[in-house]
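Participant: Sequential numbering from 9 applies to the sequence shown in my numbering.
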Amino acid sequence: FFIRRRVLRVLIPFLFFSVIYSYFKFIDGQVDDDDAINQLWTQFYDGGVYYHMWYIYMLLGLVIIVPILNTFCSNASEKMLQYYLLIFCTSAFIMIFFPELNINKYLELGKYSGYMLLGYAIFKRNAFRMPAYFYITLFV
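In structure tokens, the structure reads:
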């Protein structure tokens, strides 16, 4: 029930505005007349209907993964949560400072879910009690 309600709240406006932007792309001549439907479908599927709507794809993924994260957060020990956040912060560090390693494509959903768990750790679990190495990794 949670997933269906949340997905529909995001998906219906997303589909509406995707159709609107696709129509404007067609009118503006950014899409060939011969193969317009196929090109627009490919752009929609690949996440490129319009550049500023990238976050909707990420948001849909997060809405789908929230029940899993909720179960993880309620059952995880402090050490397990710290371990996950250490991996998250380390991978974020690698993505920022070593982009040539190209690990971004493997961690696309994980990098945003890590922010959700970081917020949970700070807000609910008083993350300020975490060890110093965690904060060094976080702020570097």
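Just so you know, even glycine gets a beta-carbon here, dropped at the ideal spot from N, CA and C.
Bear in mind the structure is a predicted one, so any value in this text is a computation, not a measurement.
From L19 to R12, what does the alpha carbon distance come to, in whole angstroms?
Facilitator: Sequence index remark: in the sequence shown, residue 19 carries index 11 (1-based). Sequence index remark: in the sequence shown, residue 12 carries index 4 (1-based). If you take the alpha carbons of L19 and R12, they lie about 10 angstroms apart.
Participant: Per the contact definition of three or more C-beta pairs closer than 8 angstroms, is the stretch 99 to 110 in contact with the stretch 31 to 48?
Facilitator: Too few Cβ pairs lie closer than 8 angstroms, so no.
Participant: Using beta-carbon positions only, say whether G122 and F96 come within less than 9 angstroms of one another.
Facilitator: Here residue 122 refers to the residue found at position 114 of the sequence shown. Here residue 96 refers to the residue found at position 88 of the sequence shown. Contact flag set, yes.
Participant: Determine the DSSP secondary structure at G122, reduced to helix, strand or coil.
Facilitator: As a first step, residue 122 must be located in the sequence shown, where it is residue number 114. Note: G122 maps to helix in three-state DSSP.
Participant: Just the Cα atoms here: how many angstroms apart are L16 and I35?
Facilitator: Here residue 16 is taken as the residue at index 8 of the sequence shown, counted from 1. Here residue 35 is taken as the residue at index 27 of the sequence shown, counted from 1. Straight-line Cα distance between these residues: approximately 28 angstroms.
Participant: Can you tell me which of D40, V39, R14 and Y58 puts its alpha carbon nearest to the alpha carbon of F25?
Facilitator: As a first step, residue 25 is located in the sequence shown; it is residue number 17 there, counting from the start. Cα-wise, what sits closest to F25 is Y58.
Participant: Locate the alpha helix (DSSP H) running through Q90, then write down its first and last residues.
Facilitator: Taking the first residue of the sequence shown as position 1, residue 90 is located at position 82. That run of the alpha helix (DSSP H) goes E86 to F105.
Participant: Is G37 helix, strand or coil when you go by DSSP?
Facilitator: In the sequence shown, the residue the question calls residue 37 occupies position 29. In this structure, G37 counts as coil in the three-state DSSP scheme.
Participant: At the level of alpha carbons, what is the spacing between Y63 and S85?
Facilitator: The residue labelled residue 63 in the question sits at position 55 within the sequence shown. The residue labelled residue 85 in the question sits at position 77 within the sequence shown. Each residue's Cα considered, the two are about 31 angstroms apart.
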